[in-house]
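The numbering of the sequence shown is this note's numbering, which starts it at -3 and goes up by one.
A short write-up of the structure that comes next.
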Amino acid sequence: MARKPEAEPSERIRRAEFARRMKVGQGAITHAIDAGRLTLGDDKRVAWPEGRDEFLNKTRSDIRHHGKEGAGHEAYRVARTSKVELDAQLARLSLDERRGALVPLESVVGEVSRAFVGLRDRILGVSHRVAAACADESDRHACQLLIDAEVRSALEGFACAYLAAAD
-3 MARKPEAEPS ERIRRAEFAR RMKVGQGAIT HAIDAGRLTL GDDKRVAWPE
47 GRDEFLNKTR SDIRHHGKEG AGHEAYRVAR TSKVELDAQL ARLSLDERRG
97 ALVPLESVVG EVSRAFVGLR DRILGVSHRV AAACADESDR HACQLLIDAE
147 VRSALEGFAC AYLAAAD
């Protein structure tokens, strides 16, 4: 079943690697550093993923508050920032998938379908399992208790099988 994604581990990467991950040129990274939109550590490396978030947040802030003249340039910067943000989201999804934190939808649907087919089979089998015992029993309350016990057993078996798999 699906697991919660874990926080990305922090790492120190070179500018070129940061540019590659952000899918921008190295010149854009140099410009962002010069403009104060990206901070380098003492080792002249960028912290990942903190640097990514800083770069995206400050770029969006610059577009909103300090845009250059001309609607065309502003539109380009907004579009470019959106592209960089979406590429970063795709990179996070890809990383989560490699870590096993994401499960393909088809797998989940298949597993849920198998689970409920198993539950259906367990419930439909109740009548076969209690038929002989109820035929010998003349007390209506005793028959009800037998049926309740079998239904409860089927549901508990289902719950144990799939709750254990989820842990």
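Here a beta-carbon is modelled for each residue, glycine too, at the ideal position from N, C-alpha and C.
Quick caveat, the model's predicted, so the values are computed rather than measured.
DSSP on residue i, reduced to helix/strand/coil?
| i | result |
| --- | --- |
| E7 | strand |
| V20 | coil |
| A174 | The chain is shown from -3 up to 163; residue 174 falls before or after that span and cannot be answered. |
| E65 | Note that E65 has pLDDT 48, beneath the 50 cutoff, so the model's placement of it is unreliable and no number is given. |
Can you list, in chain order, the residues of its chain with a C-beta nearer than 6 Å to that of residue i? Leave out the 5 residues immediately preceding and following it.
| i | result |
| --- | --- |
| A84 | R48 |
| V126 | L142, I143 and E146 |
Distance, Cα to Cα, residue i vs residue j?
| i | j | result |
| --- | --- | --- |
| S123 | D144 | 11 Å |
| A111 | R73 | 49 Å |
| D132 | L159 | 36 Å |
| I119 | R148 | 9 Å |
| T35 | R94 | 28 Å |
| A128 | G153 | 22 Å |
| R8 | L86 | 20 Å |
| A71 | E81 | 15 Å |
| G37 | A75 | 29 Å |
| Q140 | V105 | 35 Å |
| A155 | E102 | 22 Å |
| R16 | I25 | 10 Å |
| R41 | R10 | 5 Å |
| H137 | A157 | 30 Å |
| F14 | D39 | 14 Å |
| V113 | G96 | 26 Å |
| M18 | H69 | 20 Å |
Leaving aside the five residues before and after residue i along the sequence, list all residues of the same chain whose C-beta is less than 7 Å from its C-beta, in chain order.
| i | result |
| --- | --- |
| A12 | Q22 |
Can you tell me whether residue i is buried or exposed, with buried defined as 16 or more other CB within 10 angstroms of its CB?
| i | result |
| --- | --- |
| D135 | exposed |
| V108 | exposed |
| E146 | buried |
| A28 | buried |
| V20 | buried |
Please list, in chain order, all residues of the same chain as residue i whose beta carbon is under 8 Å from its beta carbon, the five residues on each side excluded.
| i | result |
| --- | --- |
| S6 | A43, W44, P45 and E46 |
| A150 | L115, R118, I119, G121 and V122 |
| A50 | Position check: residue 50 holds Glu in this sequence, whereas Ala was assumed. Same-chain partners within the cutoff: R33, L34 and T35. |
| C130 | C139, L142 and I143 |
* Asked: Which ranges would you report for the alpha helix (DSSP H) in the region 91 to 131 if only whole runs of at least 4 residues count?
  -> 101 to 120
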